[in-house]
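Engineer: Could you have a look at this structure, given as structure tokens, before my questions?
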Amino acid sequence: MIVVRILGGLGNQMFQYAYARALSLNGYNVKLDLSKIKKYKLHGGYQLDKYNIDLEEADSFSILLGKTGLKGNKKEKSLLFDNNLKLLNGNEYLKGYFQTEKYFKEIRNTLLTEFVIKQKASKEMLSITKQIEAAKNSCSLHIRRGDYISNKKANSVHGTCDLEYYKKAIKVISNKYSNITFFVFSDDISWTKENLLIESVTYIDIKSIPHEDMYLMSLCNHNITANSSFSWWGAWLNKNETKTVIAPKQWYIDKENEIACLNWIKI
Numbered sequence: 000m001i002v003v004r005i006l007g008g009l010g011n012q013m014f015q016y017a018y019a020r021a022l023s024l025n026g027y028n029v030k031l032d033l034s035k036i037k038k039y040k041l042h043g044g045y046q047l048d049k050y051n052i053d054l055e056e057a058d059s060f061s062i063l064l065g066k067t068g069l070k071g072n073k074k075e076k077s078l079l080f081d082n083n084l085k086l087l088n089g090n091e092y093l094k095g096y097f098q099t100e101k102y103f104k105e106i107r108n109t110l111l112t113e114f115v116i117k118q119k120a121s122k123e124m125l126s127i128t129k130q131i132e133a134a135k136n137s138c139s140l141h142i143r144r145g146d147y148i149s150n151k152k153a154n155s156v157h158g159t160c161d162l163e164y165y166k167k168a169i170k171v172i173s174n175k176y177s178n179i180t181f182f183v184f185s186d187d188i189s190w191t192k193e194n195l196l197i198e199s200v201t202y203i204d205i206k207s208i209p210h211e212d213m214y215l216m217s218l219c220n221h222n223i224t225a226n227s228s229f230s231w232w233g234a235w236l237n238k239n240e241t242k243t244v245i246a247p248k249q250w251y252i253d254k255e256n257e258i259a260c261l262n263w264i265k266i
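In terms of numbering that gives the first Met the number 0, the sequence shown opens at residue 0 and continues consecutively.
Structure, rendered in structure tokens:
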């Protein structure tokens, strides 16, 4: 029995699930520890239930067995890919973020079918879907402020992508494609409107529903991400085979990582 802990916001939960699902398709008996995330108050709590996921929740006995079994607790040592975390033995309990597609790239097609929203779409989402589909060339742009600004601990770890990053990213996209419409997503849309002036833009100025926002990002032809696992998934789930994805070169202030995919443009 392999038990993988689920914790954090939607993007983090998806990374952890994707890692666990890859293990399950590689022959392991894998279950999810949801005991902490169900008590987690930040970022909307547990959200994987919005999708067609295919792993079961571990019961308390399975969690205890994983923690105290042959190998016991195993924690991700860094944000770099660790192949040892794919080669497991016996009863183990895994804690980590697993923030690189190297853990699950080979099951992309499976994840594309499972990370599909099973709830009824809101009227706002359907309206914006039509706008994105009507655009000749669409590009999502995500600006995350929120806790990255207000929470000192989060700010010291993540920092924020500055306006220069977004200006450079917009220029790259605009130079590569004509008739681009930018669809801007942010947890601080008022600040974004005041500080980032873009031609041909639609600001997604509605009450945010996380899984719907991520879906709308994935519908765009191209994507500009923040240093956020949320918009990472919006870009990764984008099925456009000729997409251009731009991501920040410095994802964390001082942590080495492999989060941005190899074929993404890093600024």
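Built from N, CA and C at the ideal position, the CB exists for glycine as well.
Cutting at 7 Å between CB atoms, please list the residues of its own chain near K248, excluding the five before and the five after it.
Structural biologist: K265 and I266
Engineer: Pull up the distance between the alpha-carbon of F184 and that of T224, whole angstroms please.
Structural biologist: 10 Å
Engineer: Which residue from D58, H221 and H141 puts its Cα closest to that of D32?
Structural biologist: D32 has its Cα closest to that of D58, out of D58, H221 and H141.
Engineer: When DSSP labels each residue in this structure, what does H62 get in the three-state scheme?
Structural biologist: First, the residue type needs correcting, since residue 62 is Ile and not His in the sequence shown. If DSSP states are grouped into helix, strand and coil, I62 belongs with the helices.
Engineer: Just to confirm, is the Cβ distance from L24 to I106 under 7 Å?
Structural biologist: yes
Engineer: According to DSSP, is G233 helix, strand or coil?
Structural biologist: helix
Engineer: Put I127 into one of helix, strand or coil per three-state DSSP.
Structural biologist: helix
Engineer: Classify L125: buried if its beta carbon has 16 or more other beta carbons within 10 angstroms, exposed otherwise.
Structural biologist: L125 should be labelled exposed.
Engineer: Using only the alpha-carbon positions, how far apart do I116 and K49 sit?
Structural biologist: So the two alpha carbons sit approximately 6 Å from each other.
Engineer: Express the C-alpha separation of S189 and N220 in angstroms, rounding to a whole number.
Structural biologist: 25 Å
Engineer: In whole angstroms, what is the alpha-carbon distance linking R4 and S61?
Structural biologist: 12 Å
Engineer: Taking only the alpha-carbon atoms, compute the straight-line gap between L78 and H210 and give it to the nearest angstrom.
Structural biologist: 24 Å
Engineer: E75 to K94, Cα distance in whole Å?
Structural biologist: 6 Å
Engineer: Kindly give me the distance between the Cβ atoms of N136 and T180, rounded to whole angstroms, as I take these residues to be in contact under 8 Å.
Structural biologist: Their Cβ separation, rounded to whole angstroms, is 7 Å, which keeps N136 and T180 in contact under 8 Å.
Engineer: On the DSSP bridge assignment, give the partners of T191 in chain order.
Structural biologist: Answer is none; T191 lacks a bridge partner.
Engineer: Buried or exposed: where does T243 fall if 16 or more other Cβ atoms within 10 Å of its Cβ makes it buried?
Structural biologist: buried
Engineer: Assuming S139 and F182 are in contact, meaning their beta carbons sit under 8 Å apart, how far apart are those beta carbons, in whole angstroms?
Structural biologist: 5 Å
Engineer: Just how far apart, CA to CA, sit G7 and Y18?
Structural biologist: 15 Å
Engineer: Quick check on the burial criterion: 16 or more other C-beta atoms within 10 angstroms. Buried or exposed for T191?
Structural biologist: Taking all protein chains in view, the Cβ of T191 is crowded by 16 or more other Cβ atoms within 10 Å, so the residue is classified as buried.
Engineer: Could you give the first and the last residue of the continuous alpha helix (DSSP H) run that contains G10?
Structural biologist: L9 to L24
Engineer: Using only the alpha-carbon positions, how far apart do M216 and K238 sit?
Structural biologist: 11 Å
Engineer: Rounding to the nearest angstrom, what Cα-Cα distance links D212 and D187 in this structure?
Structural biologist: Taking C-alpha positions only, D212 is separated from D187 by approximately 14 Å.
Engineer: Measure the C-alpha to C-alpha separation of K122 and G71 and round it to an integer number of angstroms.
Structural biologist: 47 Å
Engineer: For G26, count neighbouring C-beta atoms within 10 Å of its own C-beta (all shown protein chains included) and say buried if the count is 16 or more, exposed if not.
Structural biologist: exposed
Engineer: Using only alpha-carbon positions, find the residue among G10, I197, V2 and T112 that is nearest to R143.
Structural biologist: By alpha-carbon distance to R143, the top candidate from G10, I197, V2 and T112 is G10.
Engineer: Beta-carbon within less than 7 Å of A133's beta-carbon, same chain only, minus the 5 sequence neighbours each way: which residues are those?
Structural biologist: none
Engineer: With DSSP collapsed to three states, give me the class of G43.
Structural biologist: DSSP places G43 in helix when its eight states are reduced to three.
Engineer: Where do the ends of the beta strand (DSSP E) carrying V3 lie?
Structural biologist: I1 to R4
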